[in-house]
Amino acid sequence: MRLQNVRILASILLLSQLRGRREKGGRGFFRRPRTLLIVDAVVFVGAFVFAFSIMNVVPPEDLMPVQLMATQILASVPMIVLLFMVIYGIFFVIGETAQFSSSEMVNYMPISATEYVLASSLSAAFMYLFILTAVLGITLALALKFNMLAVWAFSALLSGFFMVVGGFVSEIIRALVNRVSSSFSKRGGRSAIISRAILIVFVLVVSQLFFNPNILYSVLGVFAPQIYVLWFVPVIWPSIVVMELANGSLLGAAIFSCLTVAFGFALMGLGVYLRARYWVPLPVTIKLTSSKGGGYRGRGVFGTLGFSQAESAIISKDARSLFRRKEMVRFWSIPIIMIVPILLTTGSMDYYEMYGVTGMICLLGAGMLGLFLSVMSVGQEGRAVWNLFSSPISARSLFKAKVALPLSISLIMAVIFPVVFSAIFRFGLNASVALLTVTLLGTAVTALVGCYFGARYPDLEERPRSSYVTGTGMLLSFLVAGVADLALVSPIMFYAFAKQFALSIGMSFLVTLVATLAVGSVLIAVLFRASASAMSRFFRESPI
Amino acid sequence: MSKAVEISSLTKDFGSVKALNSLNLGIEEGQVYGLLGPNGSGKSTLMKIMVGLIKPTSGSVRIYGSDPQADPITVRKVVGYVPETPRLYDFLTGREYLDFVADLYGVPLGVKRERIKHFLEAFELKGREDEMISGYSQGMRQKVVIIGTLLHKPRLLIMDEPLNGLDPRSAKIVKDLLHKLSHEGVTTIFSTHILEIAQAICERVAIMYKGALLLEGKVEDLKTTAGMPGSSLEDVFLKLTGTDDVRAVVEELVK
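Each protein sequence line maps, in turn, to chains A and B.
Each residue of the first sequence is one higher than the last, beginning at 255 in the working numbering.
Each residue of the second sequence is one higher than the last, beginning at 562 in the working numbering.
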């Protein structure tokens with residue numbers, strides 16, 4: 255192994271992560287590895303100051319439960335870091351655009367598997383070091399408060415080591431997924447595509463649950479006291495080291511430290527072995543069987559709804575893109591990822607809280623889905639957009655096709671969510687009607703907002719993890735959608751929070767509903783025109 | 562014979578770079594017309610303007626009498642375009658992609674089924690049409706793009722380096738096809754760096770350099786005009802584009 259190669263490759267991989275995900279290239283301040291170090295330091299100091307100030311404000315009796323768990327918290331840090339890196343690895347595999355896997359320079363450069371695995375793990379650890387420094391900042395405040403500085407120092411050391419070990423695990427996951435995916439896809443066809451989509455959604459939901467503070471705290475509460483019971487599980491060893499040190503048992507700490515280091519090297523060895531054996535540099539060949547019609551599209555559902563042949567073809571192509579491209583799954587699964595933790599933490603809510611949360615779930619589930627699907631509808635064309643620009647379709651046709659799919663999928667969800675939740679939570683008729691109206695209108699509004707910003711700020715560049723819309727476009731779409739939805743729900747919120755006053759000025763439920771419909775219709779009309787115009791502007795000249 | 566393409570005083574600037582400089586060109590219907598020129602001479606830009614993908618800075622282009630900027634749909638209905646580096650939708654199968662392209666051009670179901678089947682067989686893609694394009698080689702992708710270009714029976718083919726990555730059999734099919742289509746009145750404009758191909762299949766060629774037209778005409782006429790009647794087209798090209806110092810460059814490289 256040549257350390258010089260590892261160093262060069264690690265810095266190149268780091269640069270690729272720093273620059274690859276942004277819409278424009280360049281060497282700006284935030285695209286330099288050294289800037290990361292400054293960010294890490296700022297995060298560390300900020301987290302420490304924040305946690306320390308809070309602990310000095312909170313009365314000592316309220317800090318008792320934290321003090322009792324202090325050792326367990328410090329002991330858990332290396333394991334949390336490892337789990338984070340594993341999740342990062344999974345996300346990397348999910349987000350990576352397939353076509354780039356074959357262009358990695360390691361496939362044709364004289365770089366050994368060991369050098370690659372080490373460099374890749376180091377660059378990943380360095381990229382996400384700010385997570386570790388944030389946790390260490392908080393735990394340092396804890397350690398200072400409860401005189402556990404030596405334990406903290408050891409916890410920090412092990413966490414740093416486990417950050418790199420987590421990178422090895424990510425490499426193992428990548429190699430295995432590569433192998434499994436290529437074999438499975440070759441034989442599986444459509445079922446492989448569907449299974450992959452379901453698996454990605456499942457992984458994303460589990461990852462999201464892992465980062466939910468409520469859920470994390472309860473899991474830690476159950477798990478932390480039982481660390482010694484699980485002494486034979488290697489992932490627990492660094493936690494045992496910290497616990498032994500806190501209890502003053504240096505021999506135990508030394509034994510488990512050695513085991514931890516050995517575990518790290520074993521994982522690296524496994525990562526190298528799998529990389530060398532299972533790496534599949536070429537994209538897999540997926541064969542799909544033809545449908546009964548001989549594999550050619552007739553009028554289709556959208557054709558019978560009045561869409562032209564070309565419009566239906568674009569809609570059908572975009573629908574296939576949604577489900578077949580693994581990098582697209584993360585977009586349409588976002589509402590599911592957002593909803594599950596909310597559902598799991600509803601616990602003991604009263605009727606009004608439940609209604610509010612249900613409204614939020616409906617708008618997130620359907621509205622955000624519409625926003626995400628439409629905001630990336632243009633950018634997801636990538637450099638293949640020439641196919642549209644060189645064909646005899648009008649900007650109006652393109653707009654119709656690009657807005658139809660996000661609207662139809664999200665509006666279906668906008669009906670399902672309120673109806674199902676109203677039935678489950680036994681909301682009254684007025685509440686159910688209001689929920690359905692707001693969700694339907696809100697979804698249409700957010701989908702059109704997405705369409706406008708998707709056409710205005712498309713990101714057609716193809717890179718390992720494309721985002722299909724520029725950062726500005728994404729940010730503005732969230733902002734405008736939020737403001738528009740707030741305007742939409744304001745009549746109903748006014749009625750709900752100041753019912754007596756609303757009734758006294760003649761604003762009955764029916765009037766409130768009509769006002770909501772009016773606001774929604776105006777917003778939809780304005781946004782429809784704006785989106786059509788943005789699409790027309792986009793379609794004037796090929797950006798590629 | 563009527564003109565398929567009429568270009569007058571066409572200029573295209575990309576910032577300070579002049580990609581096309583006051584270009585005038587007329588291409589008759591049914592011709593196979595070769596655009597030659599070194600990298601950066603403006604061939605691809607000219608083709609993109611003809612399809613209406615990009616706007617010219619000044620000047621005019623007429624495709625069968627229509628302006629691709631003012632009336633792009635009319636122009637694109639009769640044009641088939643192969644870009645220099647065509648990106649396809651990797652998540653579609655070859656057949657789905659061709660089905661998609663045929664639908665964009667409004668080809669009826671029965672016709673598209675027949676034509677796609679026919680072309681897949683001709684280009685030896687039969688049996689691979691239900692595989693996703695992500696697994697196709699560069700040559701297979703190029704074949705798919707060329708088939709997509711021909712599905713709607715265009716009157717004008719604009720092909721930017723169409724033979725890139727094609728195996729000899731497919732390249733021969735494309736060349737013969739262009740000849741045959743020419744007899745049926747289809748005009749083809751194609752760019753290539755392989756001068757033997759241009760010499761073999763083009764009725765007329767234009768040599769472009771730095772956005773301007775250096776010379777235009779039949780291959781034999783070009784040789785005479787350049788004062789090199791017995792030379793190859795390659796020699797004429799290298800002399801006209803000022804790149805005939807290759808021997809010195811090669812000698813420098815092997816030092």
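We put the CB at the ideal spot given by N, CA and C, even for glycine.
- Comparing alpha carbon positions, the residue from Ala784(A), Ile494(A), Val459(A), Ala446(A) closest to Ser413(A) is Ile494(A).
- Here Leu642(A) really is in contact with Leu652(A); their C-beta atoms are around 6 Å apart, less than 8 Å.
- Assigned with DSSP and collapsed to three states, Phe575(B) falls in strand.
- When beta bridges are read from the DSSP output, Asp721(B) appears opposite Ser752(B).
- Separation of Arg791(A) and Ala784(A) (C-alpha to C-alpha, rounded to the nearest whole angstrom) is 11 Å.
- Secondary structure note for Ile670(A): it is in no beta strand (DSSP E), and the uninterrupted alpha helix (DSSP H) holding it is 649 to 679.
- Chain-ordered, the chain A residues with CB closer than 9 Å to the CB of Lys616(B) read Arg794, Glu795.
- Closest in C-alpha terms to Thr325(A), from the list Cys705(A), Ala709(A), Ala500(A), Leu702(A), comes Ala500(A).
- In the displayed model, Tyr770(B) falls within a strand according to three-state DSSP.
- Its chain contains Ile746 as the residues whose beta carbon lies nearer than 6 Å to that of Ala688(A), once the 5 sequence neighbours on both sides are disregarded; these appear in chain order.
- Distance from Leu739(B) to Thr753(B) at the Cβ level is roughly 12 Å; contact not present, criterion being Cβ atoms closer than 8 Å.
- It is roughly 24 Å from the alpha-carbon of Val303(A) to the alpha-carbon of Val496(A).
- The C-beta of Val780(B) comes no closer than 7 Å to any C-beta of chain A.
- Comparing C-alpha distances from Glu764(B) to each of Gly746(B), Ala683(B), Lys779(B), Leu799(B) shows the shortest one belongs to Lys779(B).
- Any Cβ of chain A closer than 7 Å to the Cβ of Gly601(B) would place that residue at the interface, and such an atom is absent.
- Using a CB distance cut-off of 7 Å, Phe684(B) does not count as an interface residue toward chain A.
- Judged by DSSP in its simplified three-state form, Ile610(B) adopts helix.
- Against chain A, the beta carbon of Phe652(B) has neighbours under 7 Å at Arg574, Ser575, Arg578, Arg579, listed in chain order.
- Shown in chain order are the members of the stretch 644 to 664 of chain A whose Cβ falls below 9 Å from a Cβ of chain B: Ser644, Ser645, Pro646, Ile647, Ser648.
- Here the C-alpha atom of Thr606(B) lies approximately 35 Å from the C-alpha atom of Leu781(A).
- For Ser744(A), the uninterrupted alpha helix (DSSP H) segment begins and ends at 725 to 751.
- A direct Cα-to-Cα measurement between Thr700(A) and Gly688(B) gives close to 44 Å.
- If you ignore the 5 residues before and after Glu635(A), its C-beta comes within less than 7 Å of the C-beta of Leu642, Leu714, all in its own chain and listed in chain order.
- The alpha-carbon separation between Leu623(A) and Gly557(A) amounts to approximately 24 Å.
- Gly655(B) has a beta carbon lying at 7 Å or more from every beta carbon in chain A.
- In this structure, the straight-line span from the alpha carbon of Gly727(A) to that of Lys609(B) is close to 28 Å.
- For Arg783(A), the uninterrupted alpha helix (DSSP H) run begins and ends at 763 to 792, by DSSP.
- The way I'd put it, the stretch 689 to 703 of chain B does touch the stretch 635 to 653 of chain B; three or more beta-carbon pairs between them come closer than 8 Å.
- For Ile569(A), the three-state secondary structure derived from DSSP is helix.
- In this structure, Ala367(A) lies near Val526(A), with their beta-carbon atoms less than 7 Å apart.
- Here Tyr697(B) is buried: its Cβ has 16 or more other Cβ atoms, across all protein chains shown, within 10 Å.
- Taking the Cα of Ile568(B) as reference, the smallest distance to any Cα among Asp574(B), Ser695(B), Leu586(B) is reached at Leu586(B).
- In the structure shown, Lys541(A) falls within a strand segment according to DSSP collapsed to helix, strand and coil.
- Proximity of Met693(B) to chain A, defined by a Cβ-Cβ separation below 7 Å, is satisfied.
- Counting along the chain, the unbroken beta strand (DSSP E) around Ile624(B) starts and ends at 619 to 624.
- Taking Thr710(B) as the centre and dropping the five residues before and after it, the same chain places the C-beta of Gly641, Val643 closer than 6 Å to its C-beta, in chain order.
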